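Worksheet: the structure to be examined is printed underneath.
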Amino acid sequence: MVLEVALIDVLPGHEDAFAAAYASAHPVIAGTPGCRSVRMTRGVESPSRFVLLVEWDSVEAHDRNFRASDRFVRWRELISPHFTKPPLVEHFTDVPSGRSG
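Laid out in C-alpha cells, this is it:
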C-alpha cells in the first residue's frame, strides 16, 4: 500500500466552492480500481490549504488506473479551477514501528 499526499493551495475566497467541488469529485477517485480510501483535510492555520490523502494498492495503480484515465481528466475538471498552482503530490510508504500488537 502507498499513501498519496497532495498539498493543494486554493484561491482565497474559493474554499467553500473547492470543498463542494471535492464532494462532487470524490466518487470519481474513490471508485478507481486500486483506490483503498480517500480523505481531504483543511488547514486550521491556513484555511486555503488542503491536503488530499489517498491510499492506493501501489503507485502503479494510481498512475495506470487513475492518472492515465478519463477519471483523472474529470477529477481535474471539477477541482482545478480553484487551485492557485498545481498541487505538490508525493507517495509514501509506512515505516515499521518495531512494535507488535
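Numbering (the working numbering), first residue to last: 143 to 243. Where is the CB? At the ideal position from N, CA and C, for every residue including glycine. Note that the coordinates shown come from a computational prediction; the quantities given were computed from them, not determined experimentally.
Under the rule that a run must span 3 or more residues, the beta strand (DSSP E) segments found entirely inside the segment 164-213 read 177-184, 191-198.
Contact between residue 226 and residue 147 does not hold, since the beta-carbon distance rounds to 18 Å and is not under 8 Å.
Counted as a single uninterrupted DSSP element, the stretch harbouring residue 153 is not any beta strand (DSSP E), since DSSP gives it neither H nor E. Per the Cβ contact rule, the segment 222-238 is not in contact with the segment 174-187 (fewer than 3 Cβ pairs under 8 Å). Residue 237 carries a coil assignment under DSSP once its states are collapsed to helix, strand and coil.
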